Structure formats: structure tokens, C-alpha cells
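Per my numbering, residue 2 is the first one in the sequence shown, and the count goes up by one each step.
Don't be surprised by glycine CBs; every beta carbon is placed ideally from N, CA and C.
None of the values given here were measured: they were computed from a predicted structure.
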Amino acid sequence: MKIGVVCSDERMMQVADNLKKDYVVYRIQEDTDFLTLPQLDAFVLPVKGMNEEHNVQMWNSYMHIPSSFWKIQGKEMVVFQGIENEAAKKLNVEVDYYMNAEEVITQNAILTAEGVLNELISHTCKSIYAITIDIVGYGHCGKAIYTMLKNLHTHVRVIRRDCVMSKEFLPIKEWKECGDVIIYTAPVQILDNAQIRSWSKTPLFLDISTPVLFHEEQIHRLHLNYYKISNLPGRFACISAGNIIADHIRRRLHEE
């Protein structure tokens, strides 16, 4: 099988390195001539794929994928990219969204937790054992972060929209005072401004949620010590993150 891999960052370079053990891999880079590529069985795009102008974010610039490339390759080529977007929906080929696969989500959550620990240490001036930590949300990432911090014997709580109240799990309506650090993992906004203002302290706010839930004006008005953090697996564990994607692609191609 012949596979093209867009090597947009270190994670995608690892995808290519992993897949070349079993396949003929073509590394797609800024200087690639798309019209000279052979017929590919699969084409691997980075997590965010292309924008609607068919441009892909590379290291420090954008790379354009010409429409003629898709016409030449035809419908037999399977495209892999992380998340769904309009450009992918308009492609006249099968698209596999690898970030939707359960095994990828679960494994990436562990890498995300490890990245959060790095950010936590980098942004605090105390030992992690001398601070209190609140995790908002209890999906895949929230669970992985809680499990890691709990195993490290830190002072950690989970805040959920609704749950049975205990020492370490609080429904948000019972969250009267925040910890020193808030790790926001929920995919939706469940905090209101009044609740934030009611706290006696200004916490360190690490937001790892994918959508933009806190806007600049709101952050400034509430005087939040706020950091928006993204792509933790790709930044802190690019080799492991690349292997996770490559293993999914290998499994998927073996199903064909």
C-alpha cells in the first residue's frame, strides 16, 4: 500500500515514521509536487485537516493542496484527518476522522493529562502538593486528569453539572469556593460570571476545552489568571501521539 502523510509537525512526522514499517510512505511537505505523486491508497492529513481553500497549516506557513490532486487520485483513496470540517465533507472520497475513534480518544486523554501536569508545574510557584485543584468536567480528559492527580496524592476535586456530592465530587451549584487551580475540561460553558465573582480567591485557570468558551473581554472583566491550552498530546508527547494515530490508520486499513 502507498500512503501519503502530510508532515505538518513532529506528531505527523512520527505518523509517517511509524507507518513506513509496513507501507510505502510519501512524506508530504511544502515543496511536494502533488501532481507527480503515484496513485495513493491513503492520504493522511493533520488533526485539523484543510481549510475551505484547501490550505493546510504546516510548521510556519500554509501549504496548498491543488484540486487537480484530488481529481487525479480519484475515489479509491481513503483520507484520514482528525476532526470533521467543511472541506473534508466536500471531498468526493471516504474520510476517516481518527480523533473520533474511541481508542484514540482514550489514549490521547492520558497524554493530555500528562501535558496538564507539565503546564500545572510551569504555571504555579508552589509544589503541586501545596495547592488545591478543581477539575471542571468529567469526560475522557477530566477522568484521566483526575486519576493521574489522585494517584499523585494531590488535593483534587471534580466539579460536574450534576452528581452525587462527596468529598471529591461536587455538583456545580454546591461549588462555593474554588481551589488554587481550575482545570476546565468541559465542552460547554457551565460557569457563570456571578459564581466566579463570588469566590474569595483568584485561581489559576487552565482551559483545555476545545471550543472557545471564555472570551477576552470576559477574562479581562473578571480579572482571571487565564491560560488557554491546546494540543497537549502533540506538544508534550509527539512521538506517542503520532503512534496512536498511526496504529488507528493501520487497524482501519486492515479492515478494508
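Top-ranked residue by Cα proximity to residue i, from the options
i      : options                           : result
Lys202 : Lys91, Thr113, Thr133 and Gly83   : Thr133
Phe44  : Tyr63, Glu77 and Asn56            : Glu77
Glu103 : Leu121, Asn93 and Gly83           : Gly83
Leu233 : Ser69, Thr113, Trp200 and Ile160  : Thr113
Ser68  : Asn56, Gln15 and Trp60            : Asn56
Arg198 : His221, Thr186 and Pro188         : His221
Val94  : Asp34, Lys177 and Trp71           : Trp71
His65  : Gln30, Gly143, Val26 and Gly243   : Gln30
Ile106 : Ile246, Glu256, Leu254 and Ala89  : Ile246
Gly50  : Val25, Lys144, Thr37 and Glu85    : Glu85
Leu150 : Ile122, Leu38, Ser231 and Glu256  : Ile122
Arg252 : Arg236, Tyr99, Val189 and Asn152  : Tyr99
Ile184 : Thr125, Lys91, Lys3 and Leu207    : Leu207
His154 : Ser128, Ile173 and Val165         : Ser128
Asn244 : Asn226, Asp135, Glu53 and Lys22   : Lys22
His124 : Asp135, Pro172, Val182 and Lys177 : Val182
Glu87  : Ser62, Gln58, Tyr63 and Asn52     : Asn52
Pro204 : Asp135, Gly140 and Pro39          : Asp135
Residue burial classification, residue i (beta-carbon count within 10 angstroms, cutoff 16)
i      : result
Ser210 : buried
His249 : buried
Asp32  : exposed
Thr186 : buried
Tyr130 : exposed
Tyr158 : The question names Tyr, yet the displayed sequence has Arg at residue 158. Arg158 should be labelled buried.
Asn109 : buried
Pro188 : exposed
Tyr228 : exposed
Asp193 : exposed
Gln190 : exposed
Gly138 : buried
Pairwise C-alpha distance: residue j and residue i
i      : j      : result
Arg12  : Phe215 : 28 Å
Phe81  : Leu41  : 12 Å
Gln196 : Val213 : 19 Å
Trp60  : Lys168 : 45 Å
Val25  : Leu118 : 37 Å
Glu120 : Cys239 : 16 Å
Asn152 : Ala145 : 11 Å
Asn79  : Glu175 : According to the sequence as given, residue 79 is Val; it is not Asn. Cα to Cα, the separation comes out at about 49 Å.
Glu218 : Ala89  : 33 Å
Leu92  : Ser231 : 27 Å
Ile111 : Cys142 : 7 Å
His224 : Cys164 : 29 Å
Lys3   : Asp34  : 16 Å
Thr148 : Glu256 : 33 Å
Ile173 : Cys126 : 27 Å
Ala17  : Gly5   : 8 Å
Ala242 : Asn101 : 14 Å
Tyr63  : Arg28  : 16 Å
Asn1   : Met14  : In the structure as shown, the chain begins at 2 and stops at 257. Residue 1 is therefore absent and cannot be evaluated.
Glu178 : His156 : 14 Å
Trp200 : Gln58  : 40 Å
Leu38  : Met166 : 59 Å
Gly75  : Leu254 : 17 Å
Residue range of the unbroken beta strand (DSSP E) whose run includes residue i
i      : result
Leu207 : Leu205 to Asp208
Met166 : Where Met166 is concerned, there is no enclosing beta strand (DSSP E), given that its DSSP letter is neither H nor E.
Ile136 : Thr133 to Val137
Phe70  : Run containing Phe70: none in the beta strand (DSSP E); it sits in the alpha helix (DSSP H), Ser68 to Gln74.
Nearest-angstrom Cβ-Cβ length linking residue i and residue j, presumed shorter than 8 Å
i      : j      : result
Phe263 : Arg161 : A question about residue 263 goes unanswered here, because the residues of the chain that appear run from 2 up to 257.
Leu20  : Ile73  : Not confirmed; about 22 Å, so no contact.
Pro47  : Val7   : 6 Å
Asp10  : Gly180 : At roughly 33 Å, the Cβ-Cβ gap does not stay under 8 Å, so Asp10 and Gly180 are not in contact.
Cys237 : Glu54  : Checking the sequence shown, residue 237 turns out to be Phe, not Cys. Going by Cβ atoms, the distance from Phe237 to Glu54 rounds to 30 Å, so no, they are not a contact pair.
Proximity test, Cβ basis, 8 Å: residue i and chain D
i      : result
Val165 : In the structure shown, chain D does not exist; there is a single protein chain.
The alpha helix (DSSP H) enclosing residue i, as first and last residue numbers
i      : result
Ala335 : Because the chain here runs from 2 to 257, residue 335 falls outside it and cannot be looked at.
Ile122 : Glu103 to His124
Gln196 : Asn194 to Ser199
His221 : Glu217 to Arg222
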